[in-house]
Structures are given as C-alpha cells and as structure tokens.
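Working notes, beginning with the structure itself.
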Amino acid sequence: MFAIVEVASRQHKITAGDTLDIPRIEKKKEVLLDKVLMTISGKDVNIGTPYVKGVKVVCDIVGDIKGEKKYSFKFKKRKSYHRNIGHRDLLTRVKVKEVKTT
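Take 37 as the starting number for the sequence shown in the numbering used here and just add one per residue.
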C-alpha cells in the first residue's frame, strides 16, 4: 500500500519504511500526516476531494538535518558589483511507520 501525501505544499509518494525530508518541525517523537491525497492498495484506489477521509500516515522522527546549499548570484555589469549568497534549508528527516485507515 502506498499513499500520496501533501507536506508544506509539496506532494510525496510514500510507503511504509520510506524516509522523507520535510521542513523543520519542533516535535520530538512522532508526526501524524493527515493531508493524504490518494491511497492505492492492490486494485483499490481512493482519491480524495481534496483529501481522503479517515487515512493518516504515522511517521517517526529520525533527526534534524540541513538541506543542500543553494546559491544566489547578484551581478551588475560595469559597476564592479557581484555577490554570491548561499542558503541551506533546515529540514527534519522522518521515517514512515505505517499508513493507517480508520
């Protein structure tokens, strides 16, 4: 069984045992993702309008990480002006425990 979940305006296809990087959250033990857009189990397909009712994804928090470095380069021609600015997102890595249906 797998599900498509919306986390912070991004969609992720997940199954039990997958790891997922989501924006930083302050919880310490478990995360409950309830914005499930679609579930597929064998030939049974549930599509939500916009979310599937009664389906939740339970995840354990593995730890906090930093994302990859992204660069922004500012430049003005003939003015001897250039700046290289870097940024790293703060993320939380979670491991999907199960997809619950109630």
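We put the beta carbon where it would ideally sit given N, CA and C, even for glycine.
Distances from the alpha-carbon of P86 to those of D57, T75, K115 put T75 closest.
A Cβ-Cβ separation of about 7 Å places V135 in contact with V91 under the 8 Å criterion. Per DSSP, reduced to three states, the secondary structure at I97 is strand. At least 9 Å separates the beta-carbon of K65 from that of I101. A direct Cα-Cα distance of roughly 5 Å separates G84 from L73.
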